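Reading through the structure tokens given below for one structure.
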RNA sequence: GCCAGUGUAGCUCAGAGGUAGAGCAACUGAUUCGUAAUCAGUAGGUCGAGGGUUCGACUCCCUCUGCUGGCUCCA
């Protein structure tokens, strides 16, 4: 379906099929119009901003004295259904710019007037449905009756043209589908996402918490969360050792002058105010780079020393505005799995390739197999030599191509100090999360005068690669929790095995098993409470412990245990030593599934 | 930071201008039990914090703080 057009110039006929993404966008765009139509009917005097289709639905921005409250959404939705039922034709109308301006002026739609003045050509395309007219390029569905399966979701604030200093508008979000089945599936997916929300699971599984008295965005890692973190860090270290990294520990604080020199005070706005001590200003670090650079500068370097790869789980603190904080995904204190690589021009491509492969190796092991990859190139405002930018951008591109990854080029979206590669992982619900970032840094190399002595005996500037693979441990943990819905793979699970004795008389036997598992490097736990098996099993299942071992008279006599696998169920008796080996194997292989 | 919503027991949630209630969890006792909740009893709250209005505030008003959904920004 599509909009029929009788324009002489526009001979092109849009034939959109329901299955296509374009068709869905059209439907949603029309849904946005329908919503604006309903809003203007219900709340005369409201001004309309923009109302596009977005990834999961649509929104429309409104300017109105009184804010919309949740109850208004119900009324608007009802009105929308009414207008949809009337099946009003949606027509394309072309005005001259003057006509269009007059029309919207008369309607008191000043925002639209502003838009037409900016974007309108000689001829201004509008779409009309009954009393509602909108400045819009279309296309749209033929009539309001085509819009059947939609739901308004939320109200929020939004700035006119995205400008924080501009007018504050009210945005209403909704979604719309061709088929009821699809709408229901979407709503179910939202419910599903809520169930695996890391904030909810974090509390339920006792992984981490926040505390109002401590401050927003500051994470308390509980023992179970800390165990997962430790597992992640251990594995991360092993892989970095394999790739020839050295490790650094550096302080969380430095004189403000360091940050002046690095340019952070000038260019970076997420810094906490400095701390004055004995007349000297200190700054809590928002980044690790200057410290690593100082290690580099602690002695003279030769071209033979390069590349130098130095990694640190570097904790940083950034003042994030209160409204942007979000569970573990966006915090004020976090630990980056950071590293800086100092290399020569001729090593650049190889080093970047190595980093990409290392990133993929790590992400795959954690179970992430789909990625969105971006290459961001030189923005207008930048530092560094053009020649270096070109060389580096080429190296990034060449390295990416060699990995066989599909990537998108974001032209001009690089940071002012260098081009970069970003890798976002897709989780179990196909949501995308920023993890890996690989950035060239011409700024620090220059400001801290990084040098090495070349083959020719002269000083040269090394390239500085700044990279984080998991991103931040906090965010990565959050992503892991949501990806697995708290059902961590065996090698990651904070408690891997729980031993459940049926009655008191089985406690001793159970304890020897627990001890044996612990001695073999497994994270085992024992439930000695005087409760019925059913109760203990339920508890263990809720805690999402992957392996449950139940021991009663039979098992004590046979020297065995009965296995129950989380979410799978009872698997019968197992022989301890054999089983122990299997578990150790599973841990060692970092298996993502339970193979027992 | 901005717009909107929200904060009642450890958790999930009722209630309401006259000093708070349920279920689960916790604790105590009984039960010694075979694959997702045994029974009974007890205890638990400065109703997010501070200020104001009122004879009286958990309830109304203001400020702060945390959280939620967005905007803007970002690992």
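Numbering (this note's numbering), first residue to last: 40 to 635. A virtual CB, placed ideally from N, CA and C, is assigned to each residue, including glycine. None of the values given here were measured: they were computed from a predicted structure.
Less than 8 Å divides the Cβ of residue 257 from the Cβ of residue 370. Residue 161 and residue 135 have their C-alpha atoms some 6 Å from each other. In this model, residue 367 and residue 406 are separated by some 19 Å (Cα to Cα).
For the options 459, 443, 444, 408, the alpha carbon positioned closest to that of residue 450 is the one of 459. In this structure, residue 462 sits away from residue 539, with a CB-CB distance that is not shorter than 8 Å. Residue 530 carries a coil assignment under DSSP once its states are collapsed to helix, strand and coil.
DSSP places residue 310 in the coil class of the three-state scheme, outside both helix and strand. The C-beta separation of residue 344 from residue 491 comes to about 7 Å, placing the pair in contact by the 8 Å criterion.
In this structure, residue 391 and residue 435 form a Cβ contact; the two beta carbons are roughly 6 Å apart against a cut-off of 8 Å. Membership of residue 351 in the beta strand (DSSP E) is indicated by the continuous run 347-356. Between the C-alpha atoms of residue 93 and residue 177 there is a straight-line separation of about 14 Å.
Taking C-alpha positions only, residue 77 is separated from residue 221 by approximately 24 Å. Residue 512: member of the alpha helix (DSSP H) spanning 512-523, first to last residue.
Under the criterion of beta carbons closer than 8 Å, residue 88 and residue 101 qualify as touching, at roughly 7 Å.
The Cβ atoms of residue 180 and residue 65 sit closer than 8 Å to each other. The C-beta of residue 521 has 16 or more other C-beta atoms within 10 Å across all chains shown, which makes the residue buried.
By the Cβ-count criterion, residue 252 is exposed, with fewer than 16 other Cβ atoms from all chains shown falling within 10 Å of its own Cβ.
By the CB criterion at 8 Å, residue 398 and residue 377 fall outside the cutoff.
Taking C-beta separations shorter than 8 Å and ignoring five residues to either side along the sequence, the partners of residue 314 in its chain run 292, 320, 321, 322, 323, following chain order. Two segments are said to touch when three or more pairs of C-beta atoms, one from each, lie closer than 8 Å; by this definition the stretch 199-213 does not touch the stretch 228-238. Under the three-pair Cβ rule at 8 Å, the stretch 322-336 does not count as touching the stretch 257-270. For residue 271, the closest of 112, 574, 432, 528 by C-alpha to C-alpha distance is 528. Following the DSSP letters along the chain, one finds residue 382 inside the beta strand (DSSP E) bounded by residues 372-382. The secondary-structure analysis by DSSP pairs residue 539 across a beta bridge with 589.
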